[in-house]
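I have placed the structure first, in the form of structure tokens, so that the comments after it can refer back to it.
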Amino acid sequence: MVSSREKVALKHETQKDILLYINGEFTPASSGTTIKNMNPFTNEQINEVAEGQPEDINKAVAAARYAFDNGPWKTMKLTKRMAYIYRIADLIDEEVEKISYLESLDTGLPISQTRKMVSRASENFRFYARMVESRLVGDAYQVDEEFINYTINAPVGVAGLITPWNAPFMLETWKVAPALATGNTVVLKPAELSPLSANLLAEIIHKAELPKGVFNVVHGFGETAGDALVKHPDVQLISFTGETKTGSTIIKNSADTLKSCSMELGGKSPIIVFDDADFERALDACVWGIYSFNGERCTANSRLFVQEGIKDKFVAALKKRVANIKLGDPLDEVTEVGPLIDRGHYSKVRGYLDIAKEEGTDVTTADIPAEIAKGNFVAPTLILNAKNYMRVAQEEIFGPVLTVMTFKDEEEAIKLANDIKYGLAGYVWTNDIKRGHRVAHKVEAGMLWVNSQNVRDLRTPFGGSKSSGIGREGGHYGFEFYTEQKIIHVSITDHHIQQFGK
Ligand code: NAD
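The UniProt record's numbering applies: residue 1 is where the sequence shown begins, and numbers increase by one.
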């Protein structure tokens with residue numbers, strides 16, 4: 001555990017500029033250009049980040065390719081490879097306080113929340129080490145007395161991993177851990193708005209002394225560095241988390257080189273609260289589910305459908321809670337909602353409050369206190385009396401904004417919940433156990449929770465349907481994405497072979 005003196009020391013640490021990590025070395029971008037990395041709380045510059053270009057992606061992919069084809073990574077004994085993976089997990093544990101600090105400094109996410117997120121990151125590595133140890137098993141097929149056929153799982157090659165800024169370290173490790181544990185080599189392109197913890201991950205992996213070229217990080221913009229990674233012929237797969245529109249561009253751009261793609265995309269998830277729900281627990285979950293992580297959460301319950309019988313009471317309770325949420329410095333332990341990632345995203349979220357007014361809803365929000373006005377703050381907001389066809393009910397706002405609607409009965413709740421292009425998550429609150437299951441079965445989403453907030457066991461599949469994604473991450477689903485299943489047919493007799501041309 002870190003002492004309070006160490007915490008204060010972290011607060012006064014200036015951040016050195018960030019380099020790319022290619023072939024086991026920290027190196028400037030070949031163009032020499034950098035990106036200014038801004039603090040969302042002060043809008044002052046934190047540091048500069050090497051701006052990777054297609055040339056740098058080429059170098060990183062060449063290093064990863066060489067390490068995959070010629071290095072010991074995929075051929076070394078499993079216990080040895082897993083020892084590296086466990087070592088990375090241990091090193092992450094040693095740095096939890098520093099990683100959470102950097103994450104909050106860089107993204108504006110409150111430190112009490114980044115700490116919880118980061119402490120799960122080491123488990124991603126341990127989980128996938130255990131998974132690979134137990135799952136490297138295949139099927140065997142007896143074919144008469146002539147053949148024996150069996151399957152093996154092989155690593156795929158160079159994995160291109162592209163991640164967003166909203167939970168950077170968690171999402172990076174979620175992809176890096178299964179990719180490395182299964183024997184692939186990696187080029188990670190983290191979000192340009194949140195490079196700090198990705199750089200620390202490179203430092204940690206460097207310290208773990210993985211063979212050169214196995215893990216590479218190229219910072220830079222999506223349209224240049226990310227695009228070059230997606231189009232590179234020596235990259236076999238792309239695991240992407242980000243906006244739906246970007247996902248669709250990536251699928252198109254990866255088509256010429258026929259990559260397999262895993263897509264974790266945007267969401268606008270419903271929370272359905274029936275009259276008979278446990279009122280206080282549903283309220284807690286609803287408030288946490290939209291305002292935690294500053295509302296910048298893919299699985300946020302951003303559309304509330306509350307049954308007519310409890311609507312007034314529920315909305316009154318929501319208003320009270322929302323007015324009490326503590327906005328502030330993301331590095332302050334008591335802060336519940338911090339500033340949004342950058343000015344651009346702030347303007348987008350604020351813009352939706354104007355749209356909400358134009359659409360004729362009632363917007364309940366608050367002014368931002370003068371002492372924090374420099375930050376990208378949007379106060380926790382309720383959009384009341386909305387209709388499901390409105391933009392504020394259909395589009396992903398990705399901020400601390402809850403759109404509130406009502407429903408009459410179960411049938412209407414399901415219809416409204418499904419009348420949207422997204423299908424990432426859904427939450428159902430009712431004390432009627434049959435109805436809970438029924439509704440969960442009918443809501444079109446990849447992940448449903450009944451009488452629960454978003455609690456996830458690492459073994460379960462994570463992902464969305466409709467415009468929220470393609471494929472599943474987590475559990476053995478991740479293992480399968482990062483491995484190629486091969487079938488080996490072996491003849492055990494001199495079976496008949498046609499003798500053409502004899
Ligand atoms: P984004 O799509 O703008 O960027 C994500 C990453 O893609 C960044 O690294 C970016 O540089 C890169 N990128 C952008 N254009 C690219 C291109 N043409 N080619 C290759 N790479 C490109 O997303 P964001 O704003 O960083 O993140 C927020 C979004 O992520 C939200 O929509 C949120 O719902 C979604 N998200 C989804 C999940 C999930 O698991 N489904 C989890 C977290 C976030």
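Just so it is clear, CB atoms sit at the ideal spot from N, CA and C, and this is done for glycine as well.
Taking 6 Å as the limit between beta carbons, can you name the residues of its chain near residue i, skipping five residues before and five after?
i       : result
Leu-196 : Leu-102, Asp-106
Gly-183 : Lys-74, Pro-155
Gly-436 : Val-428, Thr-430, Val-450
Phe-500 : none
Ser-262 : Ser-239, Gly-471, Phe-481
Thr-114 : Ser-100, Glu-103, Ser-104
Do residue i and residue j have their C-beta atoms closer together than 8 Å?
i       : j       : result
Val-214 : Ala-198 : no
Ile-85  : Ser-122 : no
Val-176 : Leu-188 : yes
Ser-465 : Gly-423 : yes
Ile-99  : Val-118 : yes
Pro-330 : Pro-110 : yes
Asn-43  : Gly-375 : yes
Glu-473 : Trp-174 : yes
Glu-336 : Asn-166 : no
Ile-238 : Gly-138 : no
Arg-120 : Met-82  : no
His-206 : Val-49  : no
Ser-112 : Glu-333 : yes
Thr-257 : Pro-233 : yes
Thr-185 : Ala-64  : yes
Would you identify the three-state DSSP class for residue i, choosing helix, strand or coil?
i           : result
Thr-241     : strand
residue 508 : The displayed coordinates of the chain run from 1 to 502. Any statement about residue 508 would go beyond what the structure contains.
Gln-307     : strand
Gln-394     : helix
Ile-99      : helix
Glu-48      : strand
Thr-34      : strand
Ser-194     : coil
Trp-174     : helix
Leu-327     : strand
Gly-160     : strand
His-489     : strand
Val-428     : strand
Thr-460     : coil
Glu-371     : helix
Thr-114     : helix
From what residue to what residue does the alpha helix (DSSP H) around residue i run?
i       : result
Val-439 : 433-442
Gly-478 : 475-481
Ala-89  : 78-94
Phe-125 : 121-135
Ile-57  : 54-70
Val-143 : From DSSP, Val-143 is part of no alpha helix (DSSP H) but of the beta strand (DSSP E) over 140-143.
Lys-415 : 410-418
Lys-231 : 227-231
Tyr-346 : 343-358
Trp-288 : 279-291
So residue i and residue j are in contact, right, with Cβ under 8 Å, and what is the actual spacing, rounded?
i           : j       : result
residue 514 : Pro-155 : Lying outside 1 to 502, the shown extent of the chain, residue 514 is not represented and no answer is given.
Glu-51      : Thr-34  : 6 Å
Glu-308     : Lys-408 : 6 Å
Ala-417     : Val-443 : 5 Å
Gly-344     : Ile-372 : With a Cβ gap of about 19 Å, Gly-344 and Ile-372 do not count as contacting.
Ala-425     : Ser-269 : 4 Å
Ile-310     : Asp-284 : Between Asp-284 and Ile-310 the Cβ distance is about 15 Å, and since that is not below 8 Å, they are no contact.
Identify the continuous beta strand (DSSP E) that holds residue i and give its terminal residues.
i           : result
residue 503 : Residue 503 is absent from the model: the chain starts at 1 and stops at 502.
Asp-362     : 362-364
Ile-271     : 270-273
Leu-448     : 447-450
Asn-216     : 215-217
Phe-147     : 147-155
Lys-189     : 185-189
Thr-224     : Here Thr-224 belongs to no beta strand (DSSP E), and DSSP marks it neither H nor E.
Within the same chain, show all residues whose beta-carbon is closer than 7 Å to that of residue i, passing over the 5 residues directly before and after it, in chain order.
i       : result
Leu-384 : Val-315, Thr-361, Asp-362, Thr-364, Val-404
Arg-459 : Gly-475
Lys-16  : Asn-47
Leu-382 : Leu-318, Lys-319, Val-322, Thr-364, Leu-402, Val-404
Ile-355 : Arg-391, Val-392
Pro-461 : Arg-472, Gly-474, Gly-475, Tyr-477
Who are the Cβ neighbours of residue i in its own chain at under 8 Å, not counting the five residues just before and after it?
i       : result
Lys-59  : Ile-22, Asn-23, Ser-30
Ile-492 : Glu-145, Glu-146, Phe-147, Ile-148
Lys-486 : Thr-151, Ile-152, Asn-153, Ala-154
Gln-45  : Lys-36, Asn-37, Met-38, Asn-39
Leu-340 : Pro-40, Gly-108, Asn-294, Glu-296, Tyr-346, Val-349, Asn-376, Phe-377, Val-378, Gly-399
Return no unless some Cβ of chain C is closer than 8 Å to the Cβ of residue i.
i       : result
Ala-356 : Among the chains of the structure shown, chain C does not appear; only one protein chain is present.
Please determine whether the Cβ atom of residue i lies at a distance below 7 Å from any heavy atom of the ligand ATP.
i       : result
Leu-109 : Annotation note on the ligand ATP: not contained in the displayed structure, which lists the ligand NAD as its ligands.
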